[in-house]
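S.K.: In our numbering, the protein residues as written are 29 to 298.
(1) Put residue 221 into one of helix, strand or coil per three-state DSSP.
(2) Just reading off the beta strand (DSSP E) that residue 139 is part of, what are its end residues?
(3) By DSSP, does residue 148 sit in helix, in strand, or in coil?
(4) State the CB to CB distance for the pair residue 135 and residue 234, rounded to an integer number of angstroms; the pair is presumed to be in contact (CB under 8 Å).
(5) Considering only residues of the same chain and omitting the five flanking positions on each side of residue 281, which have a CB-CB separation below 7 Å?
(6) Helix, strand or coil for residue 190 per DSSP?
(7) Nearest-angstrom Cα distance between residue 206 and residue 143?
(8) Okay, do the region 126-133 and the region 101-112 touch, 3+ Cβ pairs below 8 Å being the bar?
(9) Identify every run of the beta strand (DSSP E) within the region 227-259, keeping only runs that are complete inside it and at least 3 residues long; order them along the chain.
(10) Along the alpha helix (DSSP H) that carries residue 102, what are the first and last residues, could you check?
(11) Taking the alpha-carbon positions, what's the residue 168 to residue 221 distance?
(12) Measure the C-alpha to C-alpha separation of residue 100 and residue 62 and round it to an integer number of angstroms.
(13) Taking all protein chains shown into account, decide if residue 180 is buried (16 or more other Cβ within 10 angstroms of its Cβ) or exposed.
(14) Determine the DSSP secondary structure at residue 125, reduced to helix, strand or coil.
(15) For residue 167, which beta-bridge partners are listed by DSSP?
(16) So, using beta-carbon positions, are residue 80 and residue 53 closer together than 8 Å?
(17) Only counting the same chain, and skipping five residues up and downstream in sequence, which positions put a Cβ closer than 6 Å to that of residue 236?
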């Protein structure tokens, strides 16, 4: 993966690309969850980089993409579009994990013509009807719970809650390590608070696949994914022996699901 940067007036956004020599190959964009970074997808990058062009990035306000002012998912979508323009990538398959599903859906909403398909990985949908008033209240105040933990306890609690394997736990601890407690809380507060402001009803004409860890107990992700699948008719596949960080807990099945989804894209009438 070659590290690059996109300079914006809000801050520098860092991304990594492995470009397949075949100019007609498909491009996969992996977008990580809150308080994480691009390395969350290292097991997917290793698997897919031989056959596809692969892009990962540190979402604004995360990883190396700090400082960053005026964080919104709309701005994230525009930044991603500029990255694709910079790399001369015409079409993408989006994979958004947890919070990463929000900039992915915002991008798909604004640049639908650029999207071949979307894989929603342990994330939740855009759509007003899915979230109750109480749901919105908790999303706005989720950082209050984090303040009750010490710095080390917060990191360990977050890593444990999203993982089922030692690899996922250790990876989450590694990604959290550079941040202070206040920075972690700030990321959570802004990420979820921004979602409540930008959430909207959307409709996608391209294929969508929902992947959900069998033991994903993060918030109401399980319930939201079930409701999303039922309302929109999107297939929902369960990742065995995996928690919220399912692509780390069971990368073999997640990679296989992504591969199969991509292989069938040409069969959809979009």
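Here a beta-carbon is modelled for each residue, glycine too, at the ideal position from N, C-alpha and C.
M.R.: The answer reads as follows:
(1) Sequence index remark: in the chain shown, residue 221 carries index 193 (1-based). Looking at residue 221 - three-state DSSP - the assignment turns out to be helix.
(2) The residue given as residue 139 occupies position 111 in the chain shown. Run containing residue 139: none; DSSP gives neither H nor E here.
(3) On the chain shown, residue 148 is found 120 positions in, with the first residue counted as 1. Reduced to three states, the DSSP call for residue 148 is strand.
(4) The residue you call residue 135 lines up with position 107 of the chain shown. The residue you call residue 234 lines up with position 206 of the chain shown. Not really, about 12 Å apart at Cβ, beyond 8 Å.
(5) Along the chain shown, one-based indexing puts residue 281 at 253. Counting only Cβ-Cβ distances below 7 Å, and skipping sequence neighbours, we find 267, 268.
(6) On the chain shown, residue 190 is found 162 positions in, with the first residue counted as 1. DSSP places residue 190 in helix when its eight states are reduced to three.
(7) On the chain shown, residue 206 is found 178 positions in, with the first residue counted as 1. On the chain shown, residue 143 is found 115 positions in, with the first residue counted as 1. So the alpha carbons of these two residues sit roughly 33 Å apart.
(8) yes
(9) 236-241
(10) For the purposes of this step, residue 102 is taken as the residue at position 74 of the chain shown. Here the alpha helix (DSSP H) through residue 102 covers 101-114.
(11) The residue given as residue 168 occupies position 140 in the chain shown. The residue given as residue 221 occupies position 193 in the chain shown. Straight-line Cα distance between these residues: approximately 5 Å.
(12) Taking the first residue of the chain shown as 1, we reach residue 100 at position 72. Taking the first residue of the chain shown as 1, we reach residue 62 at position 34. Roughly 13 Å separates the two Cα atoms.
(13) Reading the chain shown from its first residue, position 152 is the one you call residue 180. Residue 180 should be labelled exposed.
(14) Within the chain shown, numbered from 1, the residue matching residue 125 stands at position 97. Three-state result, residue 125: strand.
(15) Position 139 of the chain shown, counted from the first residue, corresponds to residue 167. Note: residue 167 sits in no beta bridge, so no partner.
(16) The residue labelled residue 80 in the question sits at position 52 within the chain shown. The residue labelled residue 53 in the question sits at position 25 within the chain shown. It is a contact, given that the beta carbons lie within the stated cut-off.
(17) Here residue 236 refers to the residue found at position 208 when the chain shown is read from its first residue. Taken in chain order, the residues that qualify are 146, 262.
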